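Below: the structure, in structure tokens.
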Amino acid sequence: MLIAESLTKEYRSGERTLAVLRNVSFSVQPGEFVAITGPSGSGKTTLLGLLAGLDTPSGGRVILDGAEMSSMSEDDRARIRSAKVGFVFQSFQLISTLTAAENVQVPLELRGESGAERRASDLLERVGLAERATHFPTQLSGGEQQRVAIARAFSNRPSILFADEPTGNLDAASGERVVALLEELNHESGSTVVIVTHDATLAARARRQIRLADGVVIEDTGSTERVD
Amino acid sequence: MQLARLAWRESRTTRRKLFLYMSTIAVGVAALVSIDSFARNVTRSVREQSRSLLGGDVQFSSRRPFAKETEQLLDSLARAGIPNARSTTFPSMAVIPRNGNTRLAQIHGVSAGYPLYGAITTQPAGRYETLQSGPNALVDPSLLIVLDARIGDTLKVGYGEFVITGTLKDVPGTSGLSSAFAPRIYIPARYLPETRLLVFGSTAEYAALLKLPSDRDPKGFAAPFRAPLTRQDVNVRTVTQTEESAARATESLANFIGIVGMVALLLGGIGVASGVRAFVARKIDTVAIFRCLGASGNQVLAMYVVQAAAMGLLGALLGAVAGVAIQFLLPIAFVGLLPVDVHVTAEPVAILTGVLIGDWIALVFALRPLLALRNVSPLQTLRRDADSDVLRMRWNDLPRLLVNAALVLSVVAVAVARAQSVRQGLWIAAATGGVLLVLALVASALAWGARRSVRAGWPYVVRQGLANVYRPANQTRAVMLSLGFGAFLVTTLYLVQNSIVQDLALNASSSGANLLLFDVQQDQAAPIDSIIRARGFKVAQQSPVVPMRIASINGRSTESIVGDSAKNRRAGWAVRREYRSTYRDSITAGETLTGGKWFAPERAGAAPFAPGDTGEVSLDAGVAGELKVKLGDEITWNVQGIDIPTRVTSLRDVKWTRFEPNFFAVFPSRVLRDAPHQFTVLANVPGVLDVATVQRDLVRRFPNVSSIDLSLITETIGKIVARVSTAVRFMALFSVIMGIPVLFSAVSSTRRERIRESVLLKTLGATRAQIMRILLTEYALLGILGSLTGLVLALAGSWALVHFVFDVKYTPQFGPAIAITAVMMVIAISIGLIAGRDVFKETAMTALREG
Chain A
6 MLIAESLTKE YRSGERTLAV LRNVSFSVQP GEFVAITGPS GSGKTTLLGL
56 LAGLDTPSGG RVILDGAEMS SMSEDDRARI RSAKVGFVFQ SFQLISTLTA
106 AENVQVPLEL RGESGAERRA SDLLERVGLA ERATHFPTQL SGGEQQRVAI
156 ARAFSNRPSI LFADEPTGNL DAASGERVVA LLEELNHESG STVVIVTHDA
206 TLAARARRQI RLADGVVIED TGSTERVD
Chain Y
7 MQLARLAWRE SRTTRRKLFL YMSTIAVGVA ALVSIDSFAR NVTRSVREQS
57 RSLLGGDVQF SSRRPFAKET EQLLDSLARA GIPNARSTTF PSMAVIPRNG
107 NTRLAQIHGV SAGYPLYGAI TTQPAGRYET LQSGPNALVD PSLLIVLDAR
157 IGDTLKVGYG EFVITGTLKD VPGTSGLSSA FAPRIYIPAR YLPETRLLVF
207 GSTAEYAALL KLPSDRDPKG FAAPFRAPLT RQDVNVRTVT QTEESAARAT
257 ESLANFIGIV GMVALLLGGI GVASGVRAFV ARKIDTVAIF RCLGASGNQV
307 LAMYVVQAAA MGLLGALLGA VAGVAIQFLL PIAFVGLLPV DVHVTAEPVA
357 ILTGVLIGDW IALVFALRPL LALRNVSPLQ TLRRDADSDV LRMRWNDLPR
407 LLVNAALVLS VVAVAVARAQ SVRQGLWIAA ATGGVLLVLA LVASALAWGA
457 RRSVRAGWPY VVRQGLANVY RPANQTRAVM LSLGFGAFLV TTLYLVQNSI
507 VQDLALNASS SGANLLLFDV QQDQAAPIDS IIRARGFKVA QQSPVVPMRI
557 ASINGRSTES IVGDSAKNRR AGWAVRREYR STYRDSITAG ETLTGGKWFA
607 PERAGAAPFA PGDTGEVSLD AGVAGELKVK LGDEITWNVQ GIDIPTRVTS
657 LRDVKWTRFE PNFFAVFPSR VLRDAPHQFT VLANVPGVLD VATVQRDLVR
707 RFPNVSSIDL SLITETIGKI VARVSTAVRF MALFSVIMGI PVLFSAVSST
757 RRERIRESVL LKTLGATRAQ IMRILLTEYA LLGILGSLTG LVLALAGSWA
807 LVHFVFDVKY TPQFGPAIAI TAVMMVIAIS IGLIAGRDVF KETAMTALRE
857 G
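These protein sequences, in sequence, are chains A and Y.
Sequence positions in the first sequence follow the numbering used here and run 6 to 233.
Sequence positions in the second sequence follow the numbering used here and run 7 to 857.
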């Protein structure tokens with residue numbers, strides 16, 4: 006499903022070159038639920054950006070569902086994201102000018118697909134927010150916003166979902182509900198889920214953990230079979 | 007379609023803001039719509055009223071009484087059912103015997119039935135209808151005032167006496183200005199002989215108006231008469247020609263003011279660009295999310311282009327509504343300048359054109375900053391960089407280059423479309439571009455200078471204020487452009503207008519002479535000279551005037567010349583006109599020799615000029631150009647029926663704006679001395695009372711001699727210029743009003759950063775007063791430099807206009823120009839502080855909430 010091959014990411018700061026990721030390699034099987042963990046500054050978010058095709062590596066390559074992302078243009082990568090990828094962010098990243106339902110519809114509308122409204126309403130019902138469909142993000146609590154974000158992430162039936170500290174801005178109860186929802190949807194849709202977190206409890210719920218420190222993989226609990 | 011819907015939804019909360027930015031185009035559109043609509047109104051009114059403008063369908067006119075053949079033609083036409091009405095117009099002194107007051111007036115001797123179309127109205131009503139019943143006179147109200155006369159008074163014109171029965175209220179075909187130099191007096195034509203003023207060489211125009219049956223085409227009717235009548239020195243004019251020339255005059259005025267409208271539109275464009283830049287910065291987060299969710303760069307761009315186009319359209323529509331409202335006010339600004347009653351109605355074509363041009367300009371200017379949204383990386387959802395880094399574009403980015411090209415082409419296209427010629431349009435576009443470039447360079451220099459001049463020892467607020475001028479995402483360029491351009495425009499208009507007025511005043515006083523006497527007969531010259539000298543005043547100039555026409559040029563008769571093909575055609579007016587020429591052996595102070603040699607001094611005892619001799623002539627360079635005549639060419643003049651052949655031996659540049667007798671053609675004395683002539687006399691009679699006394703003395707002894715106080719002309723011209731200036735200022739006001747939203751737009755483009763920063767400063771302990779002083783430092787610096795640059799550019803621009811276009815002496819008025827600059831400066835500072843009020847308002851808590 007997802008292959009990271011000798012991934013390196015360097016930033017130039019004046020005369021110095023700062024390597025944030027060094028020679029990171031692993032692969033993720035379809036349907037896996039993987040947590041990338043590590044302390045602050047270990048390179049987790051940078052790795053997520055590369056895996057999801059938001060950024061290009063300085064070295065190595067990323068292959069997502071058979072497509073080599075590193076050599077693609079930004080717009081080609083956008084097309085891959087539109088077709089195969091879902092996102093959940095720490096700060097929810099809902100579009101403030103759109104209602105909950107409209108936010109969920111966006112990925113489908115960008116693809117010009119019909120039936121976006123129906124799909125949005127189904128998903129909002131699935132995340133328990135059918136009643137809040139016409140509300141704007143500012144009218145929702147943090148937990149509710151993250152549930153809308155999850156509904157949006159699944160709206161285009163992604164084969165892989167990336168989540169960046171999805172519980173980072175939530176209280177324990179809301180966080181628990183969001184994680185449960187991610188698990189359920191992973192289970193139901195068969196999507197692969199890759200979560201970046203430094204929350205040990207959340208990481209423990211994943212069947213596989215990849216631990217980073219100083220830009221290198223220091224532990225990979227190994228690929229697991231898909232559990233049905 | 008889905009994308010458009012998404013775009014519409016996405017704009018929900020920012021729509022108002024975007025509308026505000028895009029609507030800076032509204033003032034420009036308002037200017038275009040109002041000017042174009044009004045010009046169309048005027049053209050339509052001219053068409054509707056053209057018959058009243060001319061007074062008939064066709065007019066025959068001549069500078070001398072109609073020849074027998076012309077009279078016979080008019081009689082036969084009248085018998086064939088084409089009636090005519092006559093008018094004879096000439097200047098003369100009007101005298102009120104009761105108090106002895108005198109004033110130069112324009113006398114109109116009209117026959118019954120004149121005019122054939124339109125009605126002359128009077129106060130009290132109905133007096134024009136009874137004009138022909140006796141020796142009555144209807145006069146301009148202004149004449150009653152200057153002569154201290156009233157209705158019922160006796161009015162003397164030459165030797166004729168008339169009773170003033172009323173004042174003129176509305177005379178079709180004449181603007182209020184036509185009576186400004188010499189008030190009008192209407193008298194019945196049959197009493198003209200009693201005035202005894204129409205003698206040899208009198209400056210008079212004889213006209214016959216013809217009324218055609220409604221199915222006759224005036225142009226077709228007039229065509230066969232043109233050639234024979236030209237030979238009889240009669241000019242034929244049709245209602246169609248009147249319509250065309252009135253339309254042309256309107257077009258010129260509209261074009262001139264339209265340029266100001268164009269500049270307002272351009273300023274609006276700059277406002278849009280800086281406003282949209284702020285909008286784009288605010289949209290980075292949203293665009294990053296869209297990109298994460300799979301939107302391509304072009305999809306994102308398309309979404310915001312749709313929003314901008316929609317809001318631009320709304321802004322343009324708003325401008326169109328305002329334009330229509332202003333269109334209804336324009337007749338007030340132009341009152342007295344137009345020869346027709348303008349019926350103001352909404353003009354759909356002008357409105358549509360204004361809206362489309364406005365929306366297009368808004369969109370092109372908005373596109374430039376919007377393009378940056380394509381480059382927003384989805385990575386910004388995970389890690390947010392500074393706005394300026396996110397939005398940075400490569401200089402050689404192809405779409406950016408294309409948009410820049412479209413921008414330049416659009417500006418040039420609008421300038422060319424609105425100017426009178428392609429050349430003028432290109433000049434305007436280039437000048438506008440040049441001014442903007444200089445302002446942009448000064449802005450860069452200011453930022454550069456501010457960065458280097460900051461000293462560690464200066465107070466913190468000053469250092470911070472200065473730093474705002476050069477820090478990333480500063481507003482220096484946007485403010486400099488809008489403020490500097492506004493200051494440039496207003497100051498230039500003022501300086502040009504002022505130089506023209508000053509030049510008129512200067513010319514009027516250059517010779518020191520102020521009393522001009524004309525129609526002085528040969529035998530009257532000497533006694534008039536002694537009357538003036540006896541009173542202790544000086545005669546500055548006495549010029550003989552000999553009326554003549556061109557008979558042939560280089561052996562070709564005027565008739566054959568007029569029929570030349572368009573390529574070789576010489577200006578008809580110059581070939582056919584009556585030349586009032588003079589003879590003298592020296593060149594005057596108002597003339598400069600531009601080619602050839604001035605006449606050699608006459609040798610004592612030389613033989614007098616005899617038939618068969620070829621004389622010399624010196625021509626005004628301008629008229630020589632119109633006649634396509636060069637040095638050495640031969641012109642034969644018809645002087646009272648006698649042909650006098652001459653060779654062009656010199657060309658002169660004549661300063662026509664000098665208030666003294668100037669001549670197209672000057673002959674050596676020996677050529678014209680013996681021809682019948684009259685004189686114009688220029689005398690130096692200082693003091694209003696003395697002028698009145700001399701005029702009274704002269705008119706008593708020589709009623710045919712007209713005189714005018716030139717200082718009165720200066721005053722009148724000053725008034726006319728002032729009235730035209732009102733119309734121009736009205737448009738200049740547009741640009742100032744324009745500048746305000748543009749400045750607001752420029753200032754708010756960096757508002758977000760400012761609020762963030764001030765919140766941080768407050769968190770760190772800065773007081774409101776300190777933050778205000780920081781803003782004050784920044785805006786004072788921008789205001790001073792923007793306005794001063796505008797002033798310097800205005801000085802250069804007005805000099806160029808005055809020197810190259812108006813060809814008058816440049817007399818800059820620094821006081822008022824600096825005052826304008828100061829006002830612009832205050833406006834800039836006020837807007838900066840008003841727009842910055844949110845910056846003071848935000849509390850330190852915001853920093854905590856936003857994390």
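Heads up, the beta-carbon is just placed ideally off N, CA and C, and yes, glycines get one too.
Note that the structure is a prediction, hence the values are computed from the model and not measured.
Exercise. Is Asp-603(Y) helix, strand or coil by DSSP?
Worked result: As a first step, residue 603(Y) is located in the second sequence; it is residue number 597 there, counting from the start. Note that residue 603(Y) is Lys in the sequence shown, not Asp. Reduced to three states, the DSSP call for Lys-603(Y) is coil.
Problem set entry | the stretch 95-102 of chain A / the stretch 310-323 of chain Y touching (three or more Cβ pairs under 8 angstroms) | no
Problem set entry | Residues that Asp-223(Y) bridges to, as DSSP identifies them | Position 217 of the second sequence holds residue 223(Y). Per DSSP, none; premise fails for Asp-223(Y).
Exercise. CB of Ala-158(A) to nearest heavy atom of the ligand PLP: below 7 angstroms?
Worked result: No copy of the ligand PLP appears in this structure; indeed no ligand is present at all.
Exercise. Mapping DSSP to helix, strand and coil, what is Val-221(A)?
Worked result: Position 216 of the first sequence, counted from the first residue, corresponds to residue 221(A). Correct three-state label for Val-221(A): strand.
Problem set entry | Short CB-CB distance (under 8 angstroms) between Glu-230(A) and chain Y | Here residue 230(A) refers to the residue found at position 225 of the first sequence. Unreliable placement is indicated for Glu-230(A), whose pLDDT of 45 sits below 50; the coordinate value is still reported in the next sentence. No, no contact with chain Y.
Exercise. Is the shortest distance between the beta-carbon of Gln-151(A) and the beta-carbons of chain Y less than 8 angstroms?
Worked result: To locate residue 151(A), count along the first sequence from 1; it is residue 146. No, Gln-151(A) does not count as interfacial toward chain Y.
Exercise. Closest by CA to Tyr-816(Y), which one among Gln-238(Y), Thr-498(Y), Ala-73(Y)?
Worked result: Working through the second sequence from its first residue, we reach residue 816(Y) at position 810. Considering only alpha carbons, the answer is Thr-498(Y).
Problem set entry | CA nearest to the CA of Asp-395(Y), picked from Ala-73(Y), Asn-381(Y), Ser-302(Y) | Within the second sequence, residue 395(Y) is the residue found at index 389, counting from 1. A check of alpha carbon separations from Asp-395(Y) across Ala-73(Y), Asn-381(Y), Ser-302(Y) identifies Asn-381(Y) as the nearest.
For this session: Using a Cβ-Cβ cut-off of less than 9 angstroms, list which residues of the stretch 37-57 of chain A approach chain Y; keep chain order.
Result: Thr-50, Thr-51, Leu-53, Gly-54, Ala-57
For this session: Closer than 8 angstroms by C-beta to Leu-218(Y): which residues in its own chain qualify, once you throw out the five before and the five after it? Chain order, please.
Result: Taking the first residue of the second sequence as 1, we reach residue 218(Y) at position 212. If we look at Leu-218(Y) and ignore the five residues flanking it on each side, its Cβ neighbours are Asp-63, Val-64, Ile-88, Pro-224, Phe-227.
For this session: Output the residue ranges of the beta strand (DSSP E) runs that lie fully inside the stretch 143-229 of chain A and measure 3 residues or longer, sorted by chain position.
Result: 165-169, 197-202, 213-218, 221-225
For this session: Please go through the stretch 63-110 of chain Y and give each complete beta strand (DSSP E) segment of 3 or more residues, from N-terminal end onward.
Result: 64-68, 90-102
For this session: Helix, strand or coil for Tyr-212(Y), going by three-state DSSP, please let me know.
Result: If you number the second sequence from 1, residue 212(Y) lands on position 206. It is a strand residue.
Problem set entry | Interfacial residues, the stretch 268-295 of chain Y to chain A, with Cβ spacing under 7 angstroms | Thr-292, Ile-295
For this session: Assign Ala-462(Y) to one of two classes, buried (16 or more other C-beta atoms within 10 Å of its C-beta) or exposed (fewer than that).
Result: Taking the first residue of the second sequence as 1, we reach residue 462(Y) at position 456. Classification of Ala-462(Y): exposed, given that the 10 Å Cβ count is below 16.
Problem set entry | Three-state secondary structure (DSSP) of Asn-28(A) | Within the first sequence, the letter at position 23 stands for residue 28(A). Strand.
Exercise. By DSSP, does His-114(Y) sit in helix, in strand, or in coil?
Worked result: Taking the second sequence and counting its residues from 1, the one referred to as residue 114(Y) is at position 108. Strand.
Exercise. Can you tell me where the alpha helix (DSSP H) with Trp-643(Y) in it begins and where it stops?
Worked result: By one-based count along the second sequence, residue 643(Y) stands at place 637. Counting along the chain, Trp-643(Y) sits inside no alpha helix (DSSP H); it lies in the beta strand (DSSP E) bounded by residues 640-645.
Exercise. How would you label Phe-670(Y), buried or exposed, when you count the other beta carbons within 10 angstroms and need 16 or more for buried?
Worked result: Within the second sequence, numbered from 1, the residue matching residue 670(Y) stands at position 664. Its Cβ being crowded by 16 or more others within 10 Å, Phe-670(Y) is buried.
Problem set entry | Cross-chain neighbours of Ala-83(A) in chain Y, by beta carbon under 7 angstroms | Here residue 83(A) corresponds to residue number 78 of the first sequence, with the count starting at 1. The answer, in chain order, is Arg-297, Gly-300, Ala-301, Ser-302.
For this session: For chain A, find out if any of its Cβ atoms is closer than 8 angstroms to the Cβ of Gln-55(Y); answer yes or no.
Result: Your numbering for residue 55(Y) matches position 49 in the second sequence. Closer than 8 angstroms: no.
Exercise. Of all the CB atoms in chain Y, is at least one closer than 8 angstroms to the CB of Val-111(A)?
Worked result: Stepping through the first sequence from its first residue, residue 111(A) is reached at position 106. Cβ-Cβ to chain Y under 8 angstroms: yes for Val-111(A).
For this session: Give a yes or no on whether the C-beta atoms belonging to Leu-385(Y) and Leu-53(A) are separated by under 8 angstroms.
Result: Reading the second sequence from its first residue, position 379 is the one you call residue 385(Y). Reading the first sequence from its first residue, position 48 is the one you call residue 53(A). Not a contact, by the Cβ cut-off of 8 angstroms.
Exercise. For Glu-5(A) versus Ala-24(A), is the C-beta spacing smaller than 8 angstroms?
Worked result: Outside the shown range of chain A (6 to 233) lies residue 5(A), about which nothing can therefore be said.
For this session: Quick one: measure Cβ to Cβ for Val-29(A) and Leu-12(A), integer angstroms, because I've assumed they're closer than 8 angstroms.
Result: The residue given as residue 29(A) occupies position 24 in the first sequence. The residue given as residue 12(A) occupies position 7 in the first sequence. Contact holds; Cβ gap of about 4 angstroms.
Exercise. How about Leu-377(Y): is its C-beta nearer than 8 angstroms to some C-beta of chain A?
Worked result: In the second sequence, the residue the question calls residue 377(Y) occupies position 371. Not one chain A Cβ lies under 8 angstroms of Leu-377(Y).
Exercise. Using 8 angstroms as the limit for Cβ to Cβ distance, is Glu-107(A) near chain Y?
Worked result: The residue you call residue 107(A) lines up with position 102 of the first sequence. It does: the Cβ of Glu-107(A) has a partner Cβ on chain Y nearer than 8 angstroms.
For this session: Have a look at Leu-216(Y) and Arg-70(Y) and give me their C-alpha separation to the nearest angstrom.
Result: Taking the second sequence and counting its residues from 1, one reaches residue 216(Y) at position 210. Taking the second sequence and counting its residues from 1, one reaches residue 70(Y) at position 64. The straight-line gap separating the alpha-carbon atoms of Leu-216(Y) and Arg-70(Y) is approximately 19 angstroms.
Problem set entry | Residue from Ile-506(Y), Val-409(Y), Met-317(Y), Arg-133(Y) with nearest C-alpha to Ala-13(Y) | For the purposes of this step, residue 13(Y) is taken as residue 7 along the second sequence, with counting starting at 1. Of Ile-506(Y), Val-409(Y), Met-317(Y), Arg-133(Y), the residue nearest in Cα terms is Met-317(Y).
For this session: May I ask you to report which of helix, strand or coil DSSP gives Gln-470(Y)?
Result: Here the question's residue 470(Y) lines up with position 464 in the second sequence. In the structure shown, Gln-470(Y) sits in a helix (DSSP, three-state: H, G or I).
Exercise. By DSSP, does Met-830(Y) sit in helix, in strand, or in coil?
Worked result: Position 824 of the second sequence holds residue 830(Y). Helix, per DSSP.
Exercise. Closer than 8 angstroms, CB to CB, is Ala-13(Y) near chain A or not?
Worked result: Within the second sequence, residue 13(Y) is the residue found at index 7, counting from 1. No - not a single Cβ of chain A is within 8 angstroms of the one on Ala-13(Y).
Problem set entry | With 16 other Cβ atoms within 10 Å as the buried cut-off, status of Asn-304(Y) | Here the question's residue 304(Y) lines up with position 298 in the second sequence. Flag for Asn-304(Y) reads exposed.
For this session: Classify Val-177(Y) as helix, strand or coil using the three-state DSSP reduction.
Result: Mapped onto the second sequence, residue 177(Y) falls at position 171. Val-177(Y): coil per DSSP, three-state reduction.
Exercise. Within 8 angstroms (strictly less), CB to CB, does Arg-398(Y) reach chain A?
Worked result: Start at 1 with the first residue of the second sequence, and residue 398(Y) comes out as number 392. So no, Arg-398(Y) is outside the interface.
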